[in-house]
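Novice:
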Amino acid sequence: MKKTFDALLQRELDALDAGSRRRRLRAIGYGDGGLRDANGRSLTDVSSNDYLGLSQHPLVKARAAEWAQRHGAGAPASRLVAGTRDITLAVEQRLAAFKGREAALLFSSGFQANATVIPALTRLGAKVGAGDTANATAIFSDELNHASIIHGARAARYPVKVFRHNDLAHLDSLLGAHAGRKLIVTESVFSMDGDRADLSALAALAERHGALLHVDEAHATGILGPQGRGLAAGVKGVDVVMGTLGKAFGAFGAYIAGSRALIDWLVNRCSGFIFTTALPPPVLGAVDAALDLIPGMEAERARVATHAQRLRDALAALGISTLESTTQIVPAVIGAEADTLAVAARLDAAGFLAVAIRPPTVAEGTSRLRFALNSQLGDSDMERLLAAVATL
Ligand SMILES: *Cc1c(COP(=O)(O)O)cnc(C)c1O
Numbered sequence: 063m064k065k066t067f068d069a070l071l072q073r074e075l076d077a078l079d080a081g082s083r084r085r086r087l088r089a090i091g092y093g094d095g096g097l098r099d100a101n102g103r104s105l106t107d108v109s110s111n112d113y114l115g116l117s118q119h120p121l122v123k124a125r126a127a128e129w130a131q132r133h134g135a136g137a138p139a140s141r142l143v144a145g146t147r148d149i150t151l152a153v154e155q156r157l158a159a160f161k162g163r164e165a166a167l168l169f170s171s172g173f174q175a176n177a178t179v180i181p182a183l184t185r186l187g188a189k190v191g192a193g194d195t196a197n198a199t200a201i202f203s204d205e206l207n208h209a210s211i212i213h214g215a216r217a218a219r220y221p222v223k224v225f226r227h228n229d230l231a232h233l234d235s236l237l238g239a240h241a242g243r244k245l246i247v248t249e250s251v252f253s254m255d256g257d258r259a260d261l262s263a264l265a266a267l268a269e270r271h272g273a274l275l276h277v278d279e280a281h282a283t284g285i286l287g288p289q290g291r292g293l294a295a296g297v298k299g300v301d302v303v304m305g306t307l308g309k310a311f312g313a314f315g316a317y318i319a320g321s322r323a324l325i326d327w328l329v330n331r332c333s334g335f336i337f338t339t340a341l342p343p344p345v346l347g348a349v350d351a352a353l354d355l356i357p358g359m360e361a362e363r364a365r366v367a368t369h370a371q372r373l374r375d376a377l378a379a380l381g382i383s384t385l386e387s388t389t390q391i392v393p394a395v396i397g398a399e400a401d402t403l404a405v406a407a408r409l410d411a412a413g414f415l416a417v418a419i420r421p422p423t424v425a426e427g428t429s430r431l432r433f434a435l436n437s438q439l440g441d442s443d444m445e446r447l448l449a450a451v452a453t454l
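So that you can map any letter, position 277 of the sequence shown is 339 in the numbering used here, and since no number is skipped, the others follow by simple counting.
#1: What residue range does the alpha helix (DSSP H) around V254 cover?
#2: For my contact list, I325 and A165 are in at a C-beta cut-off of 8 Å; report their separation, rounded to the angstrom.
#3: Where does the unbroken alpha helix (DSSP H) through T339 begin, and where does it stop?
#4: What do you get for N330, buried or exposed, if any count of 16 or more other CB atoms within 10 angstroms of its CB means buried?
#5: How is D229 classed by DSSP in three states: helix, strand or coil?
#6: Can you round the beta-carbon distance between D112 and L97 to whole angstroms, since I take them to be within the 8 Å contact cut?
#7: Can you say whether A351 is buried or exposed, counting buried as having 16 or more other CB atoms within 10 angstroms of its CB?
#8: S321: which of M444, A367, L341 and V303 sits nearest, CA to CA?
#9: Can you tell me whether F335 sits near ligand 1, meaning its C-beta is under 7 Å from at least one heavy atom of the ligand?
#10: Applying the criterion that 16 or more other CB atoms from any shown protein chain within 10 Å of the CB defines a buried residue, is N228 buried or exposed?
#11: What's the C-alpha gap between P288 and A295?
#12: I'd like to confirm something about D59: is its beta-carbon nearer than 7 Å to some heavy atom of ligand 1, or not?
#13: Nearest to A177 by alpha carbon, out of L151, N207 and A198?
#14: Quick check: does the Cβ of D278 come within less than 7 Å of any heavy atom belonging to ligand 1?
#15: Just to confirm, are A77 and P342 a CB contact at a threshold of 8 Å?
#16: In whole angstroms, give me the CA-to-CA distance for T184 and G315.
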């Protein structure tokens, strides 16, 4: 039985190999102040989501270590059992203030938050258990939304209407055609294209159709908006704000921010919050330190924006599409998978950690390098990157 199973797995892996689609894990190390490949060769990071370099910031690392020493390596219980510490609530309060919302709730990861909060919201007002379709909530999801949102939407077991990317006229017509409760889900910065949603227009549309609006700020939190508070900051009518702590925050985990009622309700109704272990003290310490630093990092945010514009200009001059990117995420669309891998290998040889993104993560024929720039890159790094890119 085991043998047949492995043979089946191997056949699928071979098929992925044949289509240049097999993904392999590659270990990188951190040493002497930078990333290193397996041979100790220094790599310049132009791919990770550590936009402000906070994962290596001395204050962030020190507070993670300090809170581990003081509070322990873990908080080994779920939040409702014995996992809620004073520091857990204090960090949640700070996150709520940072996002300008009444309350916030920590989650183990952004994937877990989207995958479980979205189905929980669709059951709001419906009778517990399947079958109460009269009160079910339909989900309206941007076609480029992250896999975790798609996962959450499918788990909801209620209708999912996918609207064309950032096409508010299409969304408007879909909303108008649906009589029941509605939930709109979008990202504020799209993770593979680096473009933005028009949150004010979405909020107005949600208001007009009586829909709830859930916004994923994974790639905006810390890096965009006033003082890095995200693109939903100050936008009225965004009901549910999700963000991650593993990207610009340089730590791990995620949060939902919103009204006090929303947060209290999730504590009672969201499986991905209730049935999992609380975030450990060192992670909370890192988040706490990141919250001290992020509002004041305007110079770093400006540097990242300048880097991104330079890269977009260089790629445009080469005739390489960067789609509608206006953020630190800059796609360089190559097209075919094998070509994209070859280009990534060439950048790697030039000392850059640049990762090829292929289907099914992005659509067929749009394989790309996904550059994600960070404030640790100096002007000389950018010169080197632009020179390497020019040879593509
Ligand atoms: C990374 C990401 C997530 C998942 O967050 P994790 O904390 O890494 O699980 C969710 N949504 C978007 C748009 C992301 O880019």
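The beta-carbon is built from N, C-alpha and C at its ideal position, and this holds for glycine as well.
Specialist: For this structure:
#1: Correcting the residue type first, residue 254 is Met in the shown sequence and not Val. Per DSSP, M254 belongs to no alpha helix (DSSP H) and is neither H nor E.
#2: About 4 Å separates the two Cβ atoms, so the contact holds.
#3: Element bounds for T339: n/a, residue is neither H nor E.
#4: With fewer than 16 neighbouring CB atoms inside 10 Å of its own CB, N330 falls in the exposed class.
#5: If DSSP states are grouped into helix, strand and coil, D229 belongs with coil.
#6: Under the criterion of beta carbons closer than 8 Å, D112 and L97 do not qualify as touching, at roughly 10 Å.
#7: In the assembly as shown, A351 is a buried residue. Its beta-carbon has 16 or more other beta-carbons within 10 Å.
#8: With respect to the C-alpha of S321, the residue from M444, A367, L341 and V303 having the closest C-alpha is V303.
#9: Taking the Cβ of F335 as the reference point, every heavy atom of ligand 1 lies at 7 Å or farther away.
#10: Result: buried.
#11: Take the alpha-carbon of P288 and the one of A295: they are about 7 Å apart.
#12: Limits of the chain in this structure are 63 at one end and 454 at the other, which puts residue 59 out of reach.
#13: Residue N207 holds the alpha-carbon nearest to the alpha-carbon of A177 among L151, N207 and A198.
#14: Checking the Cβ of D278 against ligand 1 gives yes.
#15: No.
#16: Rounded to whole angstroms, T184 to G315 spans 23 Å at the Cα level.
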